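Accompanying notes for the structure given below.
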Amino acid sequence: MSITLPAVRAFVEVARAGSFRAAATALGVSQPTVSAAVKRLEEAAGERLLVRDRDGVHPTGQGVRVLAHAASLVSAADELEAELAGRPRELTVGFMGEAAGALTAGLLDEVRRVSGRQVRLRRFDFDDPSCGLLTGVSDLAVVWPPLTTGDVLEVRPLGTDRRAVAVPVGDPLARREEVGPADLAGRVWVVPRSPDEIWRAFRHPASIGVADVAGEVDSGAIEETLELVAAGRGIALLSESTDEHYARAGVAFVPLPTDQRCATAVAWRRGDTRPVLARLVAEL
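Here the sequence shown is numbered in the UniProt record's numbering, starting from 1 and rising by one per residue.
Here it is as structure tokens:
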């Protein structure tokens, strides 16, 4: 079996772009070249690694596991190329929404101090709860667990936050100091649209014991969720601190009982063996 770096890079780029054509354009090669590279990897794996649907090209279950290792290999190659050129590459920290809130600044300072490099923040929405880790776009990420990690991501908690329900300001619940599952029955909910079933399920009202759901409206990002709530399309399950970072006119946040909490965490790829990542992990 002979797997070349260009073939691995082609596979990673298709998974990132969601398109063979876009991957070929990004790599500056022909689409048949990219297709042939992916086919060689699938032959080596003995199964499909990518599938195509109406939303584009996506990794299969095995493809996700292979992708994490492939992304680590590409990152290591890029790191080597930058080192040889005497230009250490910047590190990318992925995040979603308000990420770790006030903890983010401290985390970034620590990454800069330990690595001695420039750090770039990159924001992700609900379609990638790994915040770029699985596709190799990010070196580290601040994530909202639980999410599907398989055996390819390592997740360490940073802190927790009280969960809350976002409702229109004119809603009777907006005047409450706290609400419970019984207060939320028979409502329409704005729920995340995400391929990660574990991540999506934790943000569904069923996760807090609401069994009577009158309907669901999909959302792909926090901003979209708040717009839908403000417009009266439904209510949403978020965190209490979301109100601090996304103050939205027309939306009120009502806390759930104190034992209903969500978490933020820092995550990285287990297969990423670059020395700079080893130092960061040891410090963090």
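Built from N, CA and C at the ideal position, the CB exists for glycine as well. It should be emphasised that the depicted structure is a prediction, and the values quoted were computed from it without experimental measurement.
Which value, in whole angstroms, describes the spacing of the CA atoms of GLY86 and LEU133?
Here residue 86 refers to the residue found at position 86 of the sequence shown. Here residue 133 refers to the residue found at position 133 of the sequence shown. Roughly 25 angstroms between the two C-alpha positions.
Would you grab the beta carbon distance between ARG16 and LEU153 for me? Rounded to a whole angstrom, and I think it's under 8 angstroms.
Here residue 16 refers to the residue found at position 16 when the sequence shown is read from its first residue. Here residue 153 refers to the residue found at position 153 when the sequence shown is read from its first residue. Contact between ARG16 and LEU153 fails: their C-beta atoms lie close to 17 angstroms from each other, not under 8 angstroms.
Scan the segment 50–91 and note each continuous alpha helix (DSSP H) run of 4 residues or more that stays entirely inside, going in chain order.
61–84
Count the CB pairs spanning the segment 179–198 and the segment 209–218 that are closer than 8 angstroms, and state whether there are at least three.
yes
Would you mind sorting VAL167 into buried or exposed? The rule is 16 or more other CB atoms within 10 Å of its CB.
The residue labelled residue 167 in the question sits at position 167 within the sequence shown. So VAL167 ends up on the buried side.
Mapping the DSSP letters down to three states, classify SER219 as helix, strand or coil.
Position 219 of the sequence shown, counting from 1, holds the residue named residue 219. Strand, per DSSP.
Rounded C-beta distance between VAL165 and LEU256? I'm assuming under 8 angstroms.
Locating residue 165 in the sequence shown gives position 165, where the first residue counts as 1. Locating residue 256 in the sequence shown gives position 256, where the first residue counts as 1. Between LEU256 and VAL165 the Cβ distance is about 7 angstroms, and since that is below 8 angstroms, they are a contact.
Status (buried if at least 16 other CB within 10 Å, exposed otherwise) for SER2
Residue 2 sits at position 2 when you count from the first residue of the sequence shown. SER2 comes out exposed.
Count the other CB atoms, across all protein chains shown, that sit within 10 Å of the CB of SER194; report buried if there are 16 or more and exposed otherwise.
Within the sequence shown, residue 194 is the residue found at index 194, counting from 1. The residue in question, SER194, is buried, as its Cβ has 16 or more Cβ neighbours within 10 Å.
What are the uninterrupted segments assigned as alpha helix (DSSP H) that are 4 or more residues long and contained completely in the segment 84–158, given in chain order?
103–115
Within the continuous beta strand (DSSP E) that includes PRO255, where are the two ends?
Position 255 of the sequence shown, counted from the first residue, corresponds to residue 255. Counting along the chain, the beta strand (DSSP E) containing PRO255 begins and ends at 251–255.
Meets three-Cβ-pair contact criterion under 8 angstroms: the segment 76–94 and the segment 244–258
no
Hey, how far is the Cα of PRO192 from the Cα of ALA221?
Here residue 192 refers to the residue found at position 192 of the sequence shown. Here residue 221 refers to the residue found at position 221 of the sequence shown. So the alpha carbons of these two residues sit roughly 7 angstroms apart.
Residue range of the beta strand (DSSP E) that VAL5 falls in?
For the purposes of this step, residue 5 is taken as the residue at position 5 of the sequence shown. In the sequence on display, residue 5 carries Leu and not Val. It is not in any beta strand (DSSP E) - LEU5 instead sits in the alpha helix (DSSP H) that spans 5–17.
Indicate whether the contact test is met: 3 or more Cβ pairs, each with one atom in the segment 234–242 and one in the segment 19–39, closer than 8 angstroms.
no
Would you call the segment 63–82 and the segment 103–111 touching, i.e. three or more CB-CB distances under 8 angstroms?
no
For the candidate residues HIS204, ALA230 and THR264, whose alpha-carbon lies nearest to that of VAL97?
Taking the first residue of the sequence shown as 1, we reach residue 97 at position 97. Reading off the sequence, residue 97 comes out as Gly, not Val. Nearest C-alpha to GLY97: THR264.
If I follow the unbroken alpha helix (DSSP H) through SER35, where does it start and stop?
Along the sequence shown, one-based indexing puts residue 35 at 35. 31–45 is the extent of the alpha helix (DSSP H) around SER35.
With distances taken from CA atoms, which of ALA70, THR149, GLY232 and PRO145 is nearest GLY159?
By 1-based counting over the sequence shown, the position of residue 159 is 159. Cα-wise, what sits closest to GLY159 is PRO145.
Tell me the rounded alpha-carbon separation between GLY271 and LEU173.
Translated into positions along the sequence shown, residue 271 becomes position 271. Translated into positions along the sequence shown, residue 173 becomes position 173. Approximately 47 angstroms between the Cα atoms of the pair.
Can you name, in chain order, every residue of its own chain whose Cβ lies under 6 angstroms from the Cβ of ARG203, other than the five neighbours on each side?
Locating residue 203 in the sequence shown gives position 203, counting from the first residue. These residues qualify, in order along the chain: PRO192 and LEU237.
Which of helix, strand or coil does DSSP assign to PRO181?
In the sequence shown, counting from the first residue as 1, residue 181 sits at position 181. Residue state, collapsed to three classes: helix.
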